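Position 62 of the sequence shown, counting from 1, maps to 135 under this note's numbering, and the rest follow consecutively.
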Amino acid sequence: METLYLTLLYLLFIILIYQERKKLKRLTLNFLKNKRIWFILILTALASLLILDGNVSPPKNFTIIEMGEKLGNGNYLIPTLTALTYSSYLLGLNKTGDILKEALLKGALSGIIADVIKVGTARARPKASDKNPFKWFSYEKITSSDYWSFPSGHTALAGGVFFSLFSRTKGPLRFVFLAFPPLTALSRVMSSSHWPSDVIFSLVLSFLIAKGGRR
74 METLYLTLLY
84 LLFIILIYQE
94 RKKLKRLTLN
104 FLKNKRIWFI
114 LILTALASLL
124 ILDGNVSPPK
134 NFTIIEMGEK
144 LGNGNYLIPT
154 LTALTYSSYL
164 LGLNKTGDIL
174 KEALLKGALS
184 GIIADVIKVG
194 TARARPKASD
204 KNPFKWFSYE
214 KITSSDYWSF
224 PSGHTALAGG
234 VFFSLFSRTK
244 GPLRFVFLAF
254 PPLTALSRVM
264 SSSHWPSDVI
274 FSLVLSFLIA
284 KGGRR
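Here it is in structure tokens:
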């Protein structure tokens with residue numbers, strides 16, 4: 074039953090993406106054409122790589138890891154946000170539905186771009202690199218997810234969603250949304266799934282995507 078429910082939600086997500094394909098295309102083109110964004114991303118990647126990268130690994134049962142993992146896990150976040158989006162429209166809360174839909178689209182775009190970059194960089198994760206942050210372009214091992222380190226897909230997805238929600242909502246409670254992407258980023262580093270530069274790049278990437286493309 075759970076599998077059927079998740080399958081239905083993913084189908085609704087695909088339908089939503091198809092319906093909004095023109096907006097998604099516009100967001101993508103705006104991102105790719107912006108030289109300033111690319112300069113910021115490259116500078117962020119180089120600075121964080123040279124200054125911060127190290128292998129951080131606390132106990133696996135640390136609660137913050139599980140919480141952060143779920144916040145950026147597409148298997149949790151995408152179905153949940155899809156259900157909330159359609160529910161909002163069904164209840165007549167069209168403005169809320171629009172906000173959630175935009176967050177979903179920007180989260181998806183951030184995650185997709187991060188995954189494409191992963192293939193190009195083929196960077197070893199901390200747990201697969203013997204604490205060497207300079208193991209890049211290992212294309213002979215690209216079929217293994219241990220070499221999909223840069224950037225962090227979890228962090229990019231969480232950032233795209235929650236930074237977008239922050240930018241579209243009002244009131245002091247919206248600042249809660251700002252805490253979720255860094256929490257996901259922290260969990261990914263602490264579980265030795267990513268280097269600091271991986272998650273910092275994803276935070277900047279998703280923030281720029283969430284901020285841009287507004288009409």
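The beta carbon of each residue, even a glycine, is placed where N, CA and C say it ideally should be. These numbers were taken from a predicted model, which means no experiment stands behind them.
Query raised in the report: Alpha carbon to alpha carbon, how far is Y220 from S270?
Result: 15 Å
**Report entry** A229 versus A258: straight-line alpha-carbon distance, rounded
**Finding:** 9 Å
Query raised in the report: Is the stretch 235 to 243 touching the stretch 207 to 216, taking contact as three or more C-beta pairs under 8 Å?
Result: no
Query raised in the report: Is DSSP giving R198 helix, strand or coil here?
Result: coil
Query raised in the report: What number of angstroms, rounded off, separates the C-alpha of E213 from the C-alpha of V192?
Result: 11 Å
**Report entry** E175 in three-state terms, based on DSSP
**Finding:** helix
Query raised in the report: Less than 8 Å separating the beta-carbons of A283 and L144?
Result: no
Query raised in the report: Could you give the distance in angstroms between the alpha-carbon of T194 and the alpha-carbon of G165?
Result: 44 Å
Report task. Can you grab the Cα-Cα spacing for the pair G226 / D188, in whole Å? Result -> 6 Å
Query raised in the report: By how many angstroms is the C-alpha of A176 removed from the C-alpha of E93?
Result: 12 Å
Report task. Assign K95 to buried or exposed, taking buried as 16 or more other Cβ atoms, counted over all protein chains shown, within 10 Å of its Cβ. Result -> exposed
Report task. Give the straight-line distance between the Cα atoms of P199 and F274, rounded to the nearest whole angstrom. Result -> 16 Å
Report task. Tell whether a beta-carbon distance below 8 Å holds between I113 and F104. Result -> no
Query raised in the report: Exposed or buried, which one is L102 when buried takes at least 16 other CB atoms within 10 Å?
Result: exposed
Query - Residue of Y91, R196, F86 and R261 minimising C-alpha distance to L157 - result: F86
Query raised in the report: Taking the C-alpha atoms as reference points, what is the distance between L119 and A201?
Result: 21 Å
Query raised in the report: Which value, in whole angstroms, describes the spacing of the CA atoms of S161 and I151?
Result: 15 Å
**Report entry** Residue burial classification, L89 (beta-carbon count within 10 angstroms, cutoff 16)
**Finding:** buried
Report task. Using beta-carbon positions only, say whether G141 and G184 come within less than 8 Å of one another. Result -> no
Query - Span separating the alpha-carbon of F248 from that of N167 - result: 23 Å
Query raised in the report: Taking Cβ positions, are G180 and V262 nearer each other than 8 Å?
Result: no
Query raised in the report: Taking C-alpha atoms, which residue in V272, G285, F253 and S279 lies nearest to S121?
Result: V272
Requested in this report: Please go through the same chain and pick out, in chain order, the residues whose beta-carbon is closer than 7 Å to the beta-carbon of Y91, but skip the five residues on each side of it.
Outcome: none
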